[in-house]
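Colleague: Counting from 1468, one number per residue, gives the positions in the sequence shown under the numbering used here. Where is the CB? At the ideal position from N, CA and C, for every residue including glycine. Since this is a predicted model, take the numbers as computed values, not measurements. The structure under discussion is supplied below as structure tokens; questions concerning it will follow.
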Amino acid sequence: MAWLSRRRERRAALAEGFRDEWRAAIDDWFEWRSGLDHDQRSRHEALMMRLMFERRWEAGSGFELDDEVRLVIAALAARIAIGLPDDPFRTVTSILVQADDVRMTGEFEQVAGIVSDEESWVSGLSDPTGPVMLSWDAICEDLDYPGDGRNLVYHEFAHQLDQLDGHSDGVPPIPDAAARTRFIEVCTAAYELAVRGEGATTLDEYAGVNPAEFFAVATEAFFDAPMTLRGEHRQLYEVLSDYFGQDPAQRPGAAN
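Right, dumping it as structure tokens:
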């Protein structure tokens, strides 16, 4: 039985731990890894293991899902969760990787909180019930242009963080009341600027669609172009830094 074989494979991989060749690969691919201390690296790798072996991975038609694909996606997704407690992606049930953008027809939630029945091409989707869909072509394009504030994996997995409390509203769970209030104040002001087209230039215009998309787009910029975001909107950078428990602008490999 295939499911039993996969279960045994997962148990064996988790028992073996993070392989040296995986570590060498992601250290080579991602310069920001050099800025992580020992505890952060361990946390990053532990989160990667959970994503790679405790979630179901699926390939779209005609796409070959190999170790490199899993490593890249898991490394990027786990990066944004290093400073968060517990298993921040516990609601993620599966990761579907498509070769390219996907044509959507019929009724579906194209934008967080907005259901559409218009035909559309999408590079990623993050379902509140758990599945995440990603276009490998879009991921590779993001990696070809680091520092432009765009990263599909950061975006879709930020939606998963936002949805942890059952709401897709741009406000992820923040236990401290004062920190939550400050987060909402700063993000609301920045979102309103984005709606008027007056926000930080490193934020994609998609940030003005709704608060949920604003948080996902801001997460992209925070990790992919941290120095630019900090320079353009320091308060937004600071509340994101407080939430994520990270300060990527201070690390080697911080772009722009």
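Where does R1510 fall in DSSP's three states?
Modeller: Taking the sequence shown and counting its residues from 1, the one referred to as residue 1510 is at position 43. Three-state result, R1510: helix.
Colleague: Please state the DSSP three-state secondary structure of P1598.
Modeller: Sequence index remark: in the sequence shown, residue 1598 carries index 131 (1-based). In this structure, P1598 counts as strand in the three-state DSSP scheme.
Colleague: Assuming I1547 contacts F1650 under a Cβ cut-off of 8 Å, what Cβ separation, rounded to an integer in Å, is found between them?
Modeller: On the sequence shown, position 80 is the one that residue 1547 refers to. On the sequence shown, position 183 is the one that residue 1650 refers to. That belief does not hold up - the Cβ atoms of I1547 and F1650 are roughly 16 Å apart, past 8 Å.
Colleague: Between the Cα of A1541 and those of E1623, D1709 and G1698, spot the shortest distance and give me the residue it belongs to.
Modeller: Taking the first residue of the sequence shown as 1, we reach residue 1541 at position 74. With distances taken between Cα atoms, A1541 lies closest to E1623.
Colleague: For R1523, which residues from the same chain have a beta carbon less than 7 Å from its beta carbon, with the 5 sequence-adjacent residues on both sides left out?
Modeller: Reading the sequence shown from its first residue, position 56 is the one you call residue 1523. T1560 and S1561.
Colleague: Smallest Cα separation from D1487: which of D1504, V1653, Y1621 and R1508?
Modeller: The residue given as residue 1487 occupies position 20 in the sequence shown. Ranking D1504, V1653, Y1621 and R1508 by Cα distance to D1487 puts R1508 first.
Colleague: Give the straight-line distance between the Cα atoms of V1569 and V1589, rounded to the nearest whole angstrom.
Modeller: On the sequence shown, position 102 is the one that residue 1569 refers to. On the sequence shown, position 122 is the one that residue 1589 refers to. When rounded, the distance between both Cα atoms is 5 Å.
Colleague: Pull up the distance between the alpha-carbon of G1616 and that of L1670, whole angstroms please.
Modeller: In the sequence shown, counting from the first residue as 1, residue 1616 sits at position 149. In the sequence shown, counting from the first residue as 1, residue 1670 sits at position 203. Whole-angstrom Cα-Cα distance: 7 Å.
Colleague: By the three-class DSSP mapping on this structure, what secondary structure does R1523 have?
Modeller: On the sequence shown, position 56 is the one that residue 1523 refers to. Looking at R1523 - three-state DSSP - the assignment turns out to be strand.
Colleague: Count the other CB atoms, across all protein chains shown, that sit within 10 Å of the CB of D1533; report buried if there are 16 or more and exposed otherwise.
Modeller: In the sequence shown, counting from the first residue as 1, residue 1533 sits at position 66. It counts as exposed.
Colleague: What does the alpha-carbon distance come out to for the pair E1512 and D1495?
Modeller: As a position in the sequence shown, residue 1512 is number 45, starting the count at 1. As a position in the sequence shown, residue 1495 is number 28, starting the count at 1. C-alpha separation (whole angstroms): 15 Å.
Colleague: Between G1614, F1682, A1644 and F1520, which has its C-alpha nearest Q1627's C-alpha?
Modeller: On the sequence shown, position 160 is the one that residue 1627 refers to. It is F1682 whose Cα lies nearest to the Cα of Q1627.
Colleague: May I ask you to verify whether the stretch 1686-1701 touches the stretch 1631-1650, counting CB pairs closer than 8 Å and requiring at least 3?
Modeller: The stretch 1686-1701 is not in contact with the stretch 1631-1650.
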